[in-house]
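Q: In my numbering, the protein residues as written are 38 to 527.
Backbone N, C-alpha and C define an ideal beta-carbon position, used for all residues, glycine too.
Let me begin by handing over the structure; questions about it come next.
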């Protein structure tokens with residue numbers, strides 16, 4: 038067993054050596070790491086089957102690459118996501134170009150297409166450059182979606198993604214606990230620069246430190262650990278995971294992950310886990326996916342009311358927004374109040390260009406008479422609405438929500454979710470709905486969730502796979518290869 042986990046131990050050893058002995062040793066090499074990652078991803082596509090290379094590339098990038106950027110031109114930069122997308126594109130063209138011929142556009146691709154078209158419209162309407170925003174958008178959003186469509190087009194491949202996210206949560210668990218007790222500075226100690234620019238007070242929540250690790254905010258870590266925990270609970274319950282992991286009962290691993298998740302100190306993530314469990318166990322016990330549809334409807338209604346301005350006319354919302362302290366750092370309620378106050382101002386400005394938006398750049402912001410920026414953008418919805426109008430707003434949310442809803446209410450109804458072969462993909466549908474909810478409140482793009490969206494879209498647009506109650510992923514080779522060889526099945 039020691040030989041199997043040796044690479045992981047070496048990784049932890051390197052991280053902690055940088056943290057304690059050679060702090061910031063990698064700072065001069067950040068550009069080399071980001072550019073070199075492109076070559077590493079190409080090698081992954083040579084060494085592994087394309088679906089596994091894709092999953093490994095994006096998950097490793099999200100978890101461990103630096104939160105830094107190399108600005109090439111205005112509105113175009115090399116960061117952990119764009120570097121990974123470039124590598125996956127080149128790996129596909131070099132080693133798996135035959136997959137491109139298999140791509141067939143479908144109805145569920147329309148939101149992504151509308152989202153892309155919104156860039157042309159908004160940039161041209163505001164006399165701004167189209168090229169660099171389009172390239173950046175293609176690498177951050179479209180590439181993960183399309184590659185998910187190409188490579189994660191079977192239930193077994195979506196299962197690989199779900200298990201890989203679960204393993205990613207296990208890998209992050211010790212680092213999360215370390216930052217709980219030491220301070221959330223691993224990114225600074227390893228890469229020599231902080232993960233994000235902002236108040237350090239936001240790292241202290243609920244009487245302790247909220248881990249950031251190698252992401253740009255503790256909320257992003259909270260979301261990741263929530264997803265890993267939700268998947269762990271569901272996959273264990275549906276008997277997708279083996280009975281033992283590394284000679285120990287899987288239940289112990291799941292309980293341990295739950296304990297670590299509690300330590301991430303993210304109130305929003307706690308709510309999301311409760312909602313996710315409500316979705317999945319409503320399916321298990323009542324065989325209905327109505328809670329999933331309700332949460333999707335609430336998210337879409339919230340951003341629609343916000344975009345039209347009707348949200349801020351509701352008396353209860355007005356009382357909440359202006360009836361208490363405006364100090365965003367006080368607590369979760371104060372943070373939400375501060376966010377909504379800013380969104381009211383930004384949405385009013387965006388409605389002056391309701392269809393097209395103000396384009397990518399400073400025009401979507403609001404300034405005082407002295408030219409000072411007086412607003413803060415804290416959510417993907419207001420960023421999309423301000424820069425790309427209602428087309429961009431709905432393009433984003435529908436590209437995330439429709440594959441999940443199509444999976445649950447069209448291709449694989451709730452009564453099929455208890456079949457192990459379907460369970461993992463079903464849990465990813467729940468994850469996407471929760472990610473859409475989070476995107477109405479926060480702004481943390483994550484390409485791994487977009488991969489799931491693309492994969493689910495393909496699965497929905499294909500005929501249903503043959504299902505039997507006896508179908509068990511324990512016998513599927515791709516899943517077996519994702520798990521360490523010494524895992525015992527009891």
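What number of angstroms, rounded off, separates the C-alpha of residue 523 from the C-alpha of residue 45?
A: Caution applies to residue 523, whose pLDDT of 41 falls short of 50 and renders its modelled position unreliable; the value that the coordinates give is listed next. For residue 523 and residue 45, the distance between alpha carbons rounds to 14 Å.
Q: For residue 191, tell me which candidate among 472, 462, 473 and 273 has the shortest Cα-Cα distance.
A: Per the Cα distances, 462.
Q: Just curious, the alpha helix (DSSP H) that residue 108 is in, first and last residue?
A: Taken as a continuous stretch (DSSP letters only), residue 108 belongs to no alpha helix (DSSP H), being part of the beta strand (DSSP E) at 107 to 110.
Q: Pick out whichever of 79, 121, 72 and 321 has its Cα sitting closest to the Cα of residue 96.
A: That would be 121, whose Cα lies nearest to the Cα of residue 96.
Q: In three-state DSSP terms, what is residue 405?
A: Residue state, collapsed to three classes: coil.
Q: What are the boundary residues of the alpha helix (DSSP H) that includes residue 350?
A: Note, residue 350: premise wrong, no alpha helix (DSSP H); not H, not E.
Q: How close, in whole Å, do the beta carbons of residue 449 and residue 402 come, if the pair is a contact with beta carbons under 8 Å?
A: Not really, about 43 Å apart at Cβ, beyond 8 Å.
Q: Rounded to whole angstroms, what's the CA-CA distance from residue 53 to residue 266? Just pull it up for me.
A: Each residue's alpha carbon lies about 25 Å from the other.
Q: Work out the CA separation of residue 288 and residue 173 for me, nearest whole Å.
A: Cα-Cα distance, rounded: 42 Å.
Q: Roughly how far, in whole angstroms, is the beta-carbon of residue 99 from the beta-carbon of residue 483, given that I think they are within contact range, below 8 Å?
A: Sure, about 6 Å apart at Cβ, within 8 Å.
Q: Throw me the rounded Cβ distance for the residue 490 and residue 471 pair, which I believe falls under 8 Å.
A: Contact doesn't hold; Cβ gap of about 13 Å is too wide.
Q: Let me make sure I understand the geometry here. Which of 441, 399, 459 and 444 has the alpha-carbon closest to that of residue 163?
A: The candidate whose alpha carbon is nearest that of residue 163 is 399.
Q: For the stretch 427 to 436 against the stretch 129 to 138, do three or more pairs of beta-carbon atoms, one drawn from each stretch, fall closer than 8 Å, so that the two count as touching?
A: These segments do not touch.
Q: So for residue 365, helix, strand or coil by DSSP?
A: Annotation note: pLDDT 47 at residue 365 (below 50); position unreliable, no value reported.
Q: Return the CA-CA distance between residue 88 and residue 182, expressed in angstroms with no decimal places.
A: In a straight line, the C-alpha of residue 88 is about 13 Å away from that of residue 182.
Q: Drop a sphere of 10 angstroms on the beta-carbon of residue 514, count the other beta-carbons inside from all chains shown, and report buried for 16 or more, exposed for fewer.
A: Because residue 514 carries a pLDDT of 39, less than 50, the predicted location of this residue cannot be relied on, and the following value inherits that uncertainty. By the neighbour-count rule (16 or more Cβ atoms within 10 Å), residue 514 is not buried but exposed.
Q: Could you give the DSSP three-state label for residue 335: helix, strand or coil?
A: Residue 335: helix per DSSP, three-state reduction.
Q: Quick one: measure Cβ to Cβ for residue 102 and residue 117, integer angstroms, because I've assumed they're closer than 8 Å.
A: Contact flag correct, Cβ pair sits at about 4 Å.
Q: So, with DSSP's three-state summary, where would you put residue 113?
A: It is a strand residue.
Q: Once DSSP output is grouped into helix, strand and coil, what is the label at residue 504?
A: Reduced to three states, the DSSP call for residue 504 is coil.
Q: Straight-line CA distance for residue 434 to residue 57?
A: Spanning the two alpha carbons is a distance of roughly 42 Å.
Q: Rounded to whole angstroms, what is the Cα-Cα separation between residue 360 and residue 316?
A: Approximately 33 Å, taken between the alpha carbons.
Q: Quick one: grab the DSSP three-state call for residue 245.
A: DSSP places residue 245 in strand when its eight states are reduced to three.
Q: Classify residue 389: buried if its beta carbon has 16 or more other beta carbons within 10 angstroms, exposed otherwise.
A: Under this definition residue 389 is an exposed residue.
Q: May I have the straight-line CA-CA distance separating residue 418 from residue 285, to the nearest angstrom?
A: So the alpha carbons of these two residues sit roughly 43 Å apart.
Q: Is the stretch 405 to 421 touching the stretch 369 to 379 in the sense that three or more CB pairs, one from each, lie closer than 8 Å?
A: With a cut-off of 8 Å, the stretch 405 to 421 and the stretch 369 to 379 count as touching, because enough Cβ pairs lie within range.
Q: Under 8 Å between the Cβ atoms of residue 300 and residue 171?
A: Result no, Cβ atoms of residue 300 and residue 171 do not sit closer than 8 Å.
Q: By DSSP's criteria, residue 440 is part of a beta bridge. Which residues make up the other side?
A: DSSP output for residue 440 lists no bridge partner at all.
Q: Mark residue 168 as exposed unless 16 or more other C-beta atoms lie within 10 angstroms of its C-beta, in which case mark it buried.
A: Classification of residue 168: exposed, given that the 10 Å Cβ count is below 16.
Q: Can you look up residue 282 in the DSSP assignment and give me helix, strand or coil?
A: Three-state DSSP puts residue 282 in a strand.
Q: Can you tell me the Cα-Cα spacing of residue 311 and residue 465, whole angstroms?
A: Rounded to whole angstroms, residue 311 to residue 465 spans 15 Å at the Cα level.
Q: Closest to residue 290 by C-alpha separation, out of 348, 203, 259 and 249, would be which residue?
A: The shortest Cα separation from residue 290 among 348, 203, 259 and 249 belongs to 203.
Q: Using CA atoms only, rank isn't needed, just tell me which of 352, 248, 275 and 231 is closest to residue 218.
A: Out of 352, 248, 275 and 231, 248 has the C-alpha closest to the C-alpha of residue 218.
Q: Output the residue ranges of the alpha helix (DSSP H) runs that lie fully inside the stretch 185 to 241 and measure 4 residues or longer, sorted by chain position.
A: Fully enclosed alpha helix (DSSP H) runs of 4 or longer: 192 to 219 and 223 to 228.
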